[in-house]
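> Quick note: to get my numbering, add 517 to the position in the first sequence (first position is 1).
Here a beta-carbon is modelled for each residue, glycine too, at the ideal position from N, C-alpha and C.
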Amino acid sequence: MVEIDKIFDSFSGRSLFKNKNVLRINYVPEAISHRDKQIENVASILAPALKGERVSNLFVFGNTGSGKTLVVDYVSDELVKRVQANGEDVLKIVNVNCKLKKVADTEYRILAEIIRQFGGSVPVTGLPTDSVYNKFIEIIDGKKQLVLIVLDEIDQAVKKISDGFLYTLTRLNSELRNAQISLVGISNSLTFMDGLDPRVRSSLGEEELVFPPYNALQLQDILKERALQAFNEGALEEGAIAKCAAFAAREHGDARRALDLLRVAGELAEREGSKQALLRHIDEANKKIERDKMLDIIESEPKQFQLVLYSIINLHERTNGRQFFTGDIYDNYEGICNKTRNEILTQRRVSDILAEFDMLGIINARVISKGRQGRTREIKLMIPNSILSKAKEIIRDSVELG
DNA sequence: CGAGATTCATGTGAAGTATACCTTTAGGCTTAA
DNA sequence: AAGCCTAAAGGTATACTTCACATGAATCTCGTA
Numbered sequence: 518m519v520e521i522d523k524i525f526d527s528f529s530g531r532s533l534f535k536n537k538n539v540l541r542i543n544y545v546p547e548a549i550s551h552r553d554k555q556i557e558n559v560a561s562i563l564a565p566a567l568k569g570e571r572v573s574n575l576f577v578f579g580n581t582g583s584g585k586t587l588v589v590d591y592v593s594d595e596l597v598k599r600v601q602a603n604g605e606d607v608l609k610i611v612n613v614n615c616k617l618k619k620v621a622d623t624e625y626r627i628l629a630e631i632i633r634q635f636g637g638s639v640p641v642t643g644l645p646t647d648s649v650y651n652k653f654i655e656i657i658d659g660k661k662q663l664v665l666i667v668l669d670e671i672d673q674a675v676k677k678i679s680d681g682f683l684y685t686l687t688r689l690n691s692e693l694r695n696a697q698i699s700l701v702g703i704s705n706s707l708t709f710m711d712g713l714d715p716r717v718r719s720s721l722g723e724e725e726l727v728f729p730p731y732n733a734l735q736l737q738d739i740l741k742e743r744a745l746q747a748f749n750e751g752a753l754e755e756g757a758i759a760k761c762a763a764f765a766a767r768e769h770g771d772a773r774r775a776l777d778l779l780r781v782a783g784e785l786a787e788r789e790g791s792k793q794a795l796l797r798h799i800d801e802a803n804k805k806i807e808r809d810k811m812l813d814i815i816e817s818e819p820k821q822f823q824l825v826l827y828s829i830i831n832l833h834e835r836t837n838g839r840q841f842f843t844g845d846i847y848d849n850y851e852g853i854c855n856k857t858r859n860e861i862l863t864q865r866r867v868s869d870i871l872a873e874f875d876m877l878g879i880i881n882a883r884v885i886s887k888g889r890q891g892r893t894r895e896i897k898l899m900i901p902n903s904i905l906s907k908a909k910e911i912i913r914d915s916v917e918l919g
């Protein structure tokens, strides 16, 4: 892919990008700026892994885009490289993103995903969870090794499932004869630990690290480095980087956001046929990112979720953005289902769906009591007006609402 | 007039069901000796 | 007799339903000042 991109780019001859991948969020640069301290910490905690010894369970906290995943990935890579260079085979690192719906959002699926990364395969359903555990043990316990399980966005998983599986995971070590397991949890929420079962907390929180957000200057540094590799010379208007950094600094020092901004701004400029990414492209990029993020979520929701969302949007438009209640939504939803010959879920289920939308930030829901008028959720749609019609279009396409 | 009881519309927990899929097991059939 | 295939039996995870009880403030009721 990389090669093809390059070929096409150089062929068209007027691309702004030298190597766009540098700006992608999963790109691990060779040197990481302004995270020396953190790298040092993580590395020293995980260092015993080089000899295949068990390391302390580690928890990493910090806002989105503060480099948590990056640092952990980087240190993992280095560890693996080092181990391989020594010609040994005592360390295996698996990385699971717990947020991915339908991939790793239940205990069963997280475990299945880990096994899959070991080259095993697990059916989608049908197996008892314990036998999946057994399979997991079997697959890793074949030889002496350390298995480092990195659970990204672990707070999401614990919110959906209980924290029990973390406990089971930590307890697994006593059942292993040869291999050992260590966990690295990555979480956006600083308060994540508070809600945990004390037993889990004590066994998991052996080591904790907090990543502070980047400040605007640090962001600029990072952007400069990446931009140098990513863009051709002169492809950026003066001050573009500073502007991206400023935008992102406002978003709690979110470096991911900053990189996205730069990339999308470049793409926009390119599409326009402009020779330079201009400052105004960054403003546009800012809007586009926000928009795409939301639309992606909407698109990937299951059918029934989309139907519920559609009725929320309807209501939102009809009430001119004022707040409304569960009952209104359900009535509307029923109507839509009837009209489109879709199954109608129960109110109970819809209630849960609304709770999930709330977690996703698509709506803002608050349980209130209206006295004689009973108790309900007061709901407000959080999708910006500018993308409402696009959102409706997506849902209409995927549900065939006509 | 105010304290306490009522009430409404839905939140919420627990248990049950449908579906889709898995493994095990017991026949039944084929095959090679 | 051993090997292989198939279908039935028995089991699970997940998404959803059913049942039943919990909530909490506006409203009502009624005794009292």
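By Cβ distance below 6 Å, which residues in the same chain neighbour Thr893 in space, the five residues on each side in sequence not counted?
Answer for Thr893: Phe842 and Thr843, listed in chain order.
> Just to confirm, are Arg743 and Gly582 a CB contact at a threshold of 8 Å?
Contact flag unset, no.
> Under 8 Å, with one C-beta from each stretch per pair, do the region 820 to 833 and the region 870 to 889 reach the 3-pair mark?
With the cut-off at 8 Å, the region 820 to 833 and the region 870 to 889 touch.
> Nearest to Ser706 by alpha carbon, out of Val577, Gly770 and Ser903?
Residue Val577 is the option with its Cα nearest to Ser706.
> Just the C-alpha distance for Arg889 and Thr642, rounded to the nearest angstrom, thanks.
Going by the C-alpha atoms only, they are around 46 Å apart.
> List the endpoints of the continuous alpha helix (DSSP H) containing Gln555.
Taken as a continuous stretch (DSSP letters only), the alpha helix (DSSP H) holding Gln555 covers Asp553 to Leu563.
> Which residue marks the beginning of the alpha helix (DSSP H) containing Ala908, and which one marks its end?
Note, Ala908: alpha helix (DSSP H), Leu905 to Val916.
> Cutting at 6 Å between CB atoms, please list the residues of its own chain near Gly919, excluding the five before and the five after it.
In this prediction, Gly919 scores a pLDDT of 48, lower than 50, which makes its location untrustworthy; the coordinate-derived value is nonetheless stated afterwards. Counting only Cβ-Cβ distances below 6 Å, and skipping sequence neighbours, we find nothing.
> Could you pull out every residue in the same chain whose Cβ sits closer than 7 Å to the Cβ of Ile904, ignoring the five residues on either side in sequence?
These residues qualify, in order along the chain: Arg808, Met811 and Leu812.
> Tell me the rounded alpha-carbon separation between Pro901 and Arg718.
C-alpha separation (whole angstroms): 38 Å.
> Give me the Cβ distance between Leu567 and Arg599, rounded to the nearest whole Å; I'm assuming they're in contact under 8 Å.
Indeed, because the Cβ distance is near 6 Å, the residues count as touching under 8 Å.
> What first and last residue would you give for the alpha helix (DSSP H) that runs through Ala747?
Per DSSP, Ala747 belongs to the alpha helix (DSSP H) from Ala733 to Ala747.
> Taking C-beta to C-beta, are His551 and Asp738 nearer than 8 Å?
Cβ atoms of His551 and Asp738: closer than 8 Å.
> For Ile900, does the three-state DSSP call read helix, strand or coil?
Correct three-state label for Ile900: coil.
> At what residues does the alpha helix (DSSP H) containing Arg767 begin and finish?
Counting along the chain, the alpha helix (DSSP H) containing Arg767 begins and ends at Ala757 to Arg767.
> Could you tell me which residues DSSP pairs with Glu725 in its beta bridges?
Partner(s): Phe576.
> Going along the chain, which unbroken runs of the alpha helix (DSSP H) with 4 or more residues stay wholly within the region 575 to 656?
Whole alpha helix (DSSP H) segments, 4+ residues: 585 to 602 and 624 to 634.
> Can you tell me whether Asp920 is buried or exposed, with buried defined as 16 or more other CB within 10 angstroms of its CB?
Nothing can be reported for residue 920, as the shown portion of the chain is limited to 518 through 919.
> Leaving out five residues on either side along the sequence, give the residues of the same chain with a beta carbon under 8 Å from the beta carbon of Asn574.
Thr687, Ser699, Leu700, Val701, Gly702, Ser720, Leu721, Gly722, Glu723 and Glu724, listed in sequence order.
> Could you tell me how far apart the beta carbons of Lys609 and Val675 are, in whole angstroms, since I believe they sit closer than 8 Å?
With 8 Å as the limit, Lys609 and Val675 do not qualify as a contact, their Cβ atoms being about 24 Å apart.
> Nearest-angstrom Cα distance between Ser532 and Arg780?
Whole-angstrom Cα-Cα distance: 13 Å.
> Can you tell me where the beta strand (DSSP E) holding Ile830 begins and where it ends?
First-last for Ile830: Lys820 to Arg835, but that is the alpha helix (DSSP H), not the beta strand (DSSP E).
> Report all residues from its chain with a CB closer than 6 Å to the CB of Gly751; omit the five preceding and five following residues, and keep chain order.
For Gly751, where only same-chain residues beyond five positions count, there are no Cβ hits under 6 Å.
> Helix, strand or coil for Leu665 per DSSP?
It is a strand residue.
> Could you tell me if Ser906 is buried or exposed, where buried requires 16 or more neighbouring beta carbons within 10 angstroms of its beta carbon?
It counts as exposed.
> Measuring alpha carbon to alpha carbon, tell me which residue in Ile799, Arg626 and Glu520 is nearest Lys535.
Nearest option by C-alpha distance: Glu520.
> Inspect the beta-carbon positions of Ile829 and Ile846 and report whether they are closer than 8 Å.
Contact flag set, yes.
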